[in-house]
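Below is one structure, written out as structure tokens; the observations come after it.
In the working numbering, the protein residues as written are 9 to 187.
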């Protein structure tokens, strides 16, 4: 039985991992760990680093076989602020695989709140009047009118992680993160 640590207790992210590793002999262990990046990552690089850090910290904390870190952030492009999402999967042999997910632009009112120093989740709660957006549909769910929610978006990333991991391990290649 494989022990899979998830570097968060966020329900949307944990559900994404459970959706991809469903109906199999795995024990999925959500665990609270630090991303070691800003509370609101502001680039692909920082968001990806947060996902890798979460995975590595969860692997060690839970003594798991593999661990998955998922991180949401924002990135500036074309004078707009876009959501960005990254995931990482690490194993005990030092393999690190990562993948990025969907991006959509944020409305100016929301972007201005984030640019002013507030976290996207906090801004979204004020914008929608709903609590715990980041545990539920997320900004992606609100701004896609419910067609894609946060769990679905992160599930796609987890599929990319699992697929890469299985490819690399079955082909005898260990892919390590470059420092």
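By construction, the Cβ of each residue, glycine as well, lies at the ideal position given by its N, Cα and C atoms.
Secondary structure of residue 158 (DSSP, three-state): helix. According to DSSP, residue 94 shares a beta bridge with 79 and 108. Following the DSSP letters along the chain, one finds residue 62 inside the alpha helix (DSSP H) bounded by residues 52 to 70. Per the C-alpha coordinates, the member of 11, 170, 137 and 55 positioned closest to residue 90 is 55. In chain order, 14, 17 and 22 place their CB closer than 6 angstroms to the CB of residue 38, counting only its own chain and leaving out the 5 sequence neighbours on each side. By the CB criterion at 8 angstroms, residue 63 and residue 75 fall inside the cutoff. Contact between residue 95 and residue 107 holds, since their C-beta atoms are separated by about 5 angstroms, short of 8 angstroms.
For residue 44 and residue 32, the gap between their C-alpha atoms comes out near 31 angstroms. At the C-beta level, residue 163 and residue 12 stay beyond 8 angstroms of one another. The C-beta of residue 173 has 16 or more other C-beta atoms within 10 Å across all chains shown, which makes the residue buried. Spatial neighbours of residue 170 in its own chain (CB-CB distance under 8 angstroms, excluding positions within 5 residues in sequence) are listed in chain order as 28, 29 and 97. In this structure, residue 112 and residue 151 form a Cβ contact; the two beta carbons are roughly 6 angstroms apart against a cut-off of 8 angstroms.
If you look at residue 13, you'll find it isn't in any alpha helix (DSSP H); it sits in the beta strand (DSSP E) that goes 10 to 14.
For residue 74, the beta-bridge partners assigned by DSSP are 12 and 99.
Between residue 119 and residue 88, the C-beta spacing is below 8 angstroms. Counted as a single uninterrupted DSSP element, the beta strand (DSSP E) harbouring residue 37 occupies residues 34 to 38.
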